[in-house]
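There are 2 protein chains.
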Amino acid sequence: MNFAEASTLINDEIEKLNWNIEPEGLYAPVQHILSNGGKRLRPSILLMTSSIFTQETSHAIAPAIGVEIFHNSTLLHDDLMDGATLRRNQETVHVKWNDNTAILSGDAMILLASKFMCNCPSQYLKPVLEVYNKIALEVCDGQQYDMDFEQRTDVTINEYLQMIELKTAVLLAGSIKIGAILGGASVGDQDKLYRFGVNLGLAFQMVDDLLDVYGDEATFGKEIGGDIASNKKTFMLISAMDRASGQTREKLQGWLHAETFNRDEKIKEVTAIYNALGIKQLAEEKAEAYFHQSLEALSQLSVQNETVTQLADLATQMLKRNN
Amino acid sequence: MNFAEASTLINDEIEKLNWNIEPEGLYAPVQHILSNGGKRLRPSILLMTSSIFTQETSHAIAPAIGVEIFHNSTLLHDDLMDGATLRRNQETVHVKWNDNTAILSGDAMILLASKFMCNCPSQYLKPVLEVYNKIALEVCDGQQYDMDFEQRTDVTINEYLQMIELKTAVLLAGSIKIGAILGGASVGDQDKLYRFGVNLGLAFQMVDDLLDVYGDEATFGKEIGGDIASNKKTFMLISAMDRASGQTREKLQGWLHAETFNRDEKIKEVTAIYNALGIKQLAEEKAEAYFHQSLEALSQLSVQNETVTQLADLATQMLKRNN
Numbered sequence: 001m002n003f004a005e006a007s008t009l010i011n012d013e014i015e016k017l018n019w020n021i022e023p024e025g026l027y028a029p030v031q032h033i034l035s036n037g038g039k040r041l042r043p044s045i046l047l048m049t050s051s052i053f054t055q056e057t058s059h060a061i062a063p064a065i066g067v068e069i070f071h072n073s074t075l076l077h078d079d080l081m082d083g084a085t086l087r088r089n090q091e092t093v094h095v096k097w098n099d100n101t102a103i104l105s106g107d108a109m110i111l112l113a114s115k116f117m118c119n120c121p122s123q124y125l126k127p128v129l130e131v132y133n134k135i136a137l138e139v140c141d142g143q144q145y146d147m148d149f150e151q152r153t154d155v156t157i158n159e160y161l162q163m164i165e166l167k168t169a170v171l172l173a174g175s176i177k178i179g180a181i182l183g184g185a186s187v188g189d190q191d192k193l194y195r196f197g198v199n200l201g202l203a204f205q206m207v208d209d210l211l212d213v214y215g216d217e218a219t220f221g222k223e224i225g226g227d228i229a230s231n232k233k234t235f236m237l238i239s240a241m242d243r244a245s246g247q248t249r250e251k252l253q254g255w256l257h258a259e260t261f262n263r264d265e266k267i268k269e270v271t272a273i274y275n276a277l278g279i280k281q282l283a284e285e286k287a288e289a290y291f292h293q294s295l296e297a298l299s300q301l302s303v304q305n306e307t308v309t310q311l312a313d314l315a316t317q318m319l320k321r322n323n
Numbered sequence: 324m325n326f327a328e329a330s331t332l333i334n335d336e337i338e339k340l341n342w343n344i345e346p347e348g349l350y351a352p353v354q355h356i357l358s359n360g361g362k363r364l365r366p367s368i369l370l371m372t373s374s375i376f377t378q379e380t381s382h383a384i385a386p387a388i389g390v391e392i393f394h395n396s397t398l399l400h401d402d403l404m405d406g407a408t409l410r411r412n413q414e415t416v417h418v419k420w421n422d423n424t425a426i427l428s429g430d431a432m433i434l435l436a437s438k439f440m441c442n443c444p445s446q447y448l449k450p451v452l453e454v455y456n457k458i459a460l461e462v463c464d465g466q467q468y469d470m471d472f473e474q475r476t477d478v479t480i481n482e483y484l485q486m487i488e489l490k491t492a493v494l495l496a497g498s499i500k501i502g503a504i505l506g507g508a509s510v511g512d513q514d515k516l517y518r519f520g521v522n523l524g525l526a527f528q529m530v531d532d533l534l535d536v537y538g539d540e541a542t543f544g545k546e547i548g549g550d551i552a553s554n555k556k557t558f559m560l561i562s563a564m565d566r567a568s569g570q571t572r573e574k575l576q577g578w579l580h581a582e583t584f585n586r587d588e589k590i591k592e593v594t595a596i597y598n599a600l601g602i603k604q605l606a607e608e609k610a611e612a613y614f615h616q617s618l619e620a621l622s623q624l625s626v627q628n629e630t631v632t633q634l635a636d637l638a639t640q641m642l643k644r645n646n
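So the sequence lines, in the order shown, correspond to chains Y and A. Mind the numbering: the first sequence is residues 1 to 323 in the working numbering, read in order. Mind the numbering: the second sequence is residues 324 to 646 in the working numbering, read in order.
As structure tokens, then:
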């Protein structure tokens, strides 16, 4: 099963869900955010992983949707916490409705996610939920660290990497592991696939950070330079602070502490500092390194078949993406 | 096992939990709200119910704590949505920290609740989670209806009763049913105990509404008349609107539509209308009726032992309570 097949299947199943139920105020926002698209990366990769080990992927569909609902619940609450007004070119829930609706519908989605997750064969219920409960909580941990880091100036590269592992990578890795469990994979293969997922997730985030600075606005789909403008302590900014000395360091510090500034100028100047310090290449190498570790884990699986190749292809596309 | 024994056990177990973990910003609020007391009604009654059927109540403890954590997550988010500043005489989480902390820590508590719920013998996992996922979502439904009703003037008594069933009664009933499942009760006994819980929950809420009007401020622990002041569409207000005619109806309507008013005067006058219309007696009869239905369900259990008597005693105390 390739990604296109898996994501079509997931999209079809998500479209079939009926959110036209009472109380409308609770479920209309669920419908809004779920029908709003997105890549369906996590549920699709869950399904693909399952299909490495079994033809019987139908019982992976409900847990796959569970993962997607949980992911969207985090987007819903993150948008509220960040005060974001748009998500995939549509109004966010707290804007279209209000803050309380966003809180309560997000809560309902967390519970709905668990409900879908439980809809799997009894023999897999305990291991699936063990993985799911762990990673879902880790996503909250990651979000909290991300918020904490906004108030700190001494975030290290390792702390940043741990944060994005929790906030981004473990949900991808856990989805993959759940797919493996539901396919009947051995514990060894489950763990290798989890490692594949964590490293892929880290590579993915590294590429995301790169695109935020070096992407093309039209294809990236959001404004370039947001991370620089907001002093987000990404791998690139922390590396630049570590590498910069003398005048360059003073200049970078100046931009970080500037209370009023011309946004475009700040982005241009900080990007120039990144260029001078070789930060782009450093981040690309880091992304490559994670990418290779992910493929390495994949190559160690006890099974090698078409779907494994398709997972590797997907990983390659994710690394080479420009949006 | 009586209520005092069960709640002592639950309190001891909750005190043993270690929330001194990273990220502190996420778990310190969990510690704050969980160590803040409360009656521990739901987990204690879960444990008592389990002990009707088995001496081996130890494996009901984690799910019991799960129910308590979920209950507290709803309090945390409800306080944020209501803008409440105090809970059990302590600052609410969004006041002591901030809104975003309240959102994220509440989310983490929903996930922690599921995690504790899963910590039960494998053979009970599926039925326990089926009940839990259903009732937890129903609590959200109930909260949404409660918010919807604030904007409506045509709420019927049945709608109000359905709302409090969802918002309050099903969590109590579900906790009881989970206790029964974990005790190894038959499906018939599980259902009877659920009915016991729903009716007890409805009686409990009816008493709560009564105390809000007729309670003694010192023993009730909160200001009397809050429901009247805020036009909350309780059983009593809706019944009064149904019964009132002529001048009394006009007077009541006047208070409901008054934009500015003297709070004490409004409470005194509306209470006088309730008295004139026999609303207190009506609500007491309704509470009694639910109470008797709950005892009726209990009497139909296939097992009758000391704990069943203790559950009936607890129900009686809950109905006769003044706080």
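Glycine included, every Cβ here is placed at the ideal spot set by N, Cα and C.
Check	Outcome
Contacts of tyrosine 468 of chain A in chain Y (Cβ-Cβ under 8 Å)	Pro23
Three-state secondary structure assigned by DSSP to arginine 410 of chain A	strand
Members of the region 59 to 84 of chain Y that neighbour chain A once the beta carbon cut-off is set at 7 Å	His77, Leu80, Met81
CA-to-CA distance, alanine 258 of chain Y to leucine 311 of chain Y, given in whole angstroms	44 Å
The alpha helix (DSSP H) enclosing aspartate 131 of chain Y, as first and last residue numbers	Note on identity: in this sequence residue 131 of chain Y is valine, with aspartate being the wrong assignment. Where valine 131 of chain Y is concerned, the enclosing alpha helix (DSSP H) stretches over 122 to 150.
Nearest neighbour of leucine 301 of chain Y, chosen from Y/Ser58, Y/Val187, Y/Asn89 [CA to CA]	Y/Val187
is_contact[asparagine 133 of chain Y, chain A] using C-beta, thresh 8 Å	yes
Cutoff 8 Å: aspartate 141 of chain Y Cβ touching any chain A Cβ	yes
Limits of the alpha helix (DSSP H) - the one that methionine 486 of chain A falls within	480 to 487
Euclidean distance between Cα positions of lysine 268 of chain Y and valine 493 of chain A	58 Å
Sufficient close CB pairs (3 or more, under 8 Å) joining the region 261 to 278 of chain Y to the region 174 to 187 of chain Y	no
Complete runs of the alpha helix (DSSP H) confined to the region 235 to 319 of chain Y [at least 4 residues]	235 to 243, 246 to 257, 263 to 277, 279 to 299
Amino acids of chain A, ordered along the chain, whose beta-carbon sits closer than 9 Å to that of serine 326 of chain Y	Because residue 326 of chain Y is not part of the residues shown, which for chain Y are 1 to 323, the question remains open.
8 Å Cβ cutoff, aspartate 107 of chain Y in contact with chain A	yes
Whole-angstrom distance between isoleucine 135 of chain Y and alanine 173 of chain Y, CA atom to CA atom	9 Å
Cross-chain neighbours of lysine 449 of chain A in chain Y, by beta carbon under 8 Å	Cys118, Ser122, Leu125
Contact belief for alanine 567 of chain A with leucine 600 of chain A at Cβ below 8 Å, rounded distance in angstroms	6 Å
C-beta atoms of proline 366 of chain A and valine 390 of chain A nearer than 8 Å	yes
Straight-line Cα distance separating leucine 200 of chain Y from lysine 320 of chain Y	12 Å
Spatially closest choice to threonine 377 of chain A from A/Thr630, A/Glu338, A/Leu403, by CA coordinates	A/Thr630
Alanine 84 of chain Y versus glutamine 247 of chain Y - alpha carbon distance	36 Å
Interface residues of chain Y facing aspartate 471 of chain A [CB-CB closer than 8 Å]	Pro23, Gly25
Residues that serine 114 of chain Y contacts on chain A, provided the C-beta gap is smaller than 7 Å	Ser437, Asn456
Buried versus exposed, by CB contacts within 10 Å (16 or more), threonine 92 of chain Y	buried
Residue range of the unbroken alpha helix (DSSP H) whose run includes isoleucine 551 of chain A	549 to 552
Spatially closest choice to arginine 40 of chain Y from Y/Ile10, Y/Leu161, Y/Ile33, by CA coordinates	Y/Ile10
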